[in-house]
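So the structure is just underneath, and the comments pick up after that.
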Ligand SMILES: Cc1ncc(C[n+]2csc(CCOP(=O)(O)OP(=O)(O)O)c2C)c(N)n1
Ligand SMILES: [Mg+2]
C-alpha cells in the first residue's frame, strides 16, 4: 500500500512593524490614537520602573525581581487586546501587563520586597497573582477557561504567559492537551526570550519553532515578532475572537529577547555573549513603536518629554509612598494558604509570630 498523507502542517510568522519601522499597511490593526498612546505609555512606564527597581535593588531597598526590559511589546500588545472579562494569568516577568490591568507601582514594590500586601488584586480584576513555579500557571489558566465555558460565560477567556523554558515542563503539555480536548477559551503566550536563566533556547528544545508544539494538540499555533506590539496585539485579538466564539485555544510564540538579567540575583555576562545582546538592542520594541507613532503624526518630541517627566514623577511618588509604609502584617501570607481558616495553618502562624517576636527581642537586646 502506498503511504497516504493524512494531513500536513505549517507554521506562519507574523510581523507588522519591523525593526527599521517599516509597516505592512494591509496587516496594520485598526486601533484608536488613544489606544496606541496608552500602550506606548505602558511600555515606557515599565521600562522606567525596571530601571528604577534595578537601582533600588542594588541599594538594598527592594528584593530580587525579574526585569522585563526588552519584552514590553510581547506583554502589552496582548493585554491591550484583552477586556475586563478576560483573565490575565502570568508568571514573574509580566509587570507591564499587570500595570495595564490596574496594578499600582506601589504594589509592585511591595511584592518585590516580600510583602503579601503587594500580591492582592480585587477579585473583579481577573488578574491572578504572580506565579513563580515555572509553568504552574498554565494548568490554572486552562481550569479557569474551562470553568468559563462550563458556566456559559460569553466573551471571557484566559490569557496565560510563560517562557521558552516553560515549554519543557509537563504542566505545559498537560495544559495544552486538556485545553484542546475541552476546546477551552484560552490563549497561550510563550515569551521566547531565548534564555531560561543560563540555558539558551537551542538547548531547551530541538523543535524549529515553539509555536509548532500547537500542532500536536490540534490547535492553531503562530510565531510572532514579540518585539512588534502591533503584531502581538493582532495575533492575540484573533486568538481571543476564536476563544470567545467557542473555537478553542491558540498557542502564540512571541519571539523576543531578555535584554537584562534573569533576575537581580543573576549575572548574564558569565554565560551570554555581549554581541548577542547588542544585536537585540537594535530590535528594541520601544523606539520602534515610537517611530510608528511619530510617522502617524500622533507623537512628537515635546509629547515624549512631557510623558517622560510625568512617568519619572509617578515612579518617584510610588518609591516615596512605599518607603514611608512601616505598618505591615508579617503573617499575611498565612491568610491566603486556604480559602478559610485551618487549624494547622493557625498553629504555624502562632509559631511564626512567636519566633518573630523572639528575634525582635533578641535584636533589641543586642542593640541596647
Ligand atoms: C518548577 C520550577 N523549577 C525551577 C525554577 C527555577 N527557575 C526560575 S525561572 C527559571 C527559568 C525560566 O525560564 P523561562 O521559562 O524561559 O522564563 P524566563 O525566565 O526566561 O522569563 C527557572 C529554572 C522554578 N521557579 N520553578
Ligand atoms: Mg526564557
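Residue numbers (our numbering): 2 to 369.
Just so it is clear, CB atoms sit at the ideal spot from N, CA and C, and this is done for glycine as well.
Taking all protein chains in view, the Cβ of residue 341 is surrounded by fewer than 16 other Cβ atoms within 10 Å, so the residue is classified as exposed. Separation of residue 250 and residue 367 (C-alpha to C-alpha, rounded to the nearest whole angstrom) is 59 Å. Assigned with DSSP and collapsed to three states, residue 114 falls in coil, not helix or strand.
In this structure residue 312 is not in contact with residue 6, their Cβ atoms being roughly 55 Å apart against a cut-off of 8 Å. Annotated as distal: residue 208 and residue 172, with beta-carbon spacing of 8 Å or more. Of the candidates 118, 71 and 30, 118 places its Cα closest to the Cα of residue 327. In the DSSP annotation of this structure, the continuous segment of the alpha helix (DSSP H) that includes residue 41 starts and ends at 34-59.
Secondary structure of residue 4 (DSSP, three-state): coil. With a cutoff of 7 Å, residue 26 does not count as near ligand 1, since its C-beta is closer than that to no heavy atom of the ligand. At a threshold of 7 Å, residue 186 does not count as near ligand 1, since its beta carbon sits no closer than that to any of the ligand's heavy atoms. With fewer than 16 other Cβ atoms inside 10 Å of its own Cβ, residue 354 counts as exposed. Residue 343 counts as exposed, since fewer than 16 other beta carbons sit within 10 angstroms of its beta carbon. Judged by DSSP in its simplified three-state form, residue 258 adopts coil rather than helix or strand. Boundaries of the alpha helix (DSSP H) around residue 279: 275-282. Taking a contact as a CB-CB distance under 8 Å, the pair residue 254 and residue 197 does not count as one, their CB atoms being some 14 Å apart. Residue 92 places its beta carbon 8 Å or farther from that of residue 63.
Here DSSP, grouped into helix, strand and coil, assigns residue 286 to helix.
Contact between residue 101 and residue 43 holds: their C-beta atoms lie close to 5 Å from each other, under 8 Å. The three-state secondary structure of residue 272, taken from DSSP, is coil.
For residue 81, the enclosing alpha helix (DSSP H) covers residues 73-82.
Here DSSP, grouped into helix, strand and coil, assigns residue 23 to coil. Scanning 175, 258 and 195 for the CA closest to the CA of residue 218 turns up 175. Shortest gap from the CB of residue 165 to any heavy atom of ligand 2: under 7 Å. When C-beta atoms of the segment 221-236 are compared with those of the segment 25-42, three or more pairs fall below 8 Å, so the two segments count as touching. By the Cβ neighbour-count rule, residue 289 is buried, with 16 or more other Cβ atoms within 10 Å of its own. If you ignore the 5 residues before and after residue 349, its C-beta comes within less than 8 Å of the C-beta of 335, all in its own chain and listed in chain order. Just so you know, the alpha carbons of residue 273 and residue 73 end up roughly 21 Å apart. Sorting 257, 214, 280 and 275 by C-alpha distance to the C-alpha of residue 12 places 214 at the top. Apart from sequence neighbours up to five positions away, the residues of its chain that approach residue 159 with a beta-carbon distance below 6 Å are 88, 90, 142, 145, 146 and 187, ordered along the chain. In the DSSP annotation of this structure, residue 98 is not part of any beta strand (DSSP E); the continuous alpha helix (DSSP H) holding it starts and ends at 96-101. Closest in C-alpha terms to residue 76, from the list 204, 259, 324 and 318, comes 259. When distances are taken from the beta-carbon of residue 120 to the heavy atoms of ligand 1, even the shortest one reaches 7 Å or more.
Selection 41, 26, 27 and 185 evaluated against residue 299 yields 41 as nearest (Cα-Cα). The alpha-carbon separation between residue 18 and residue 305 amounts to approximately 20 Å.
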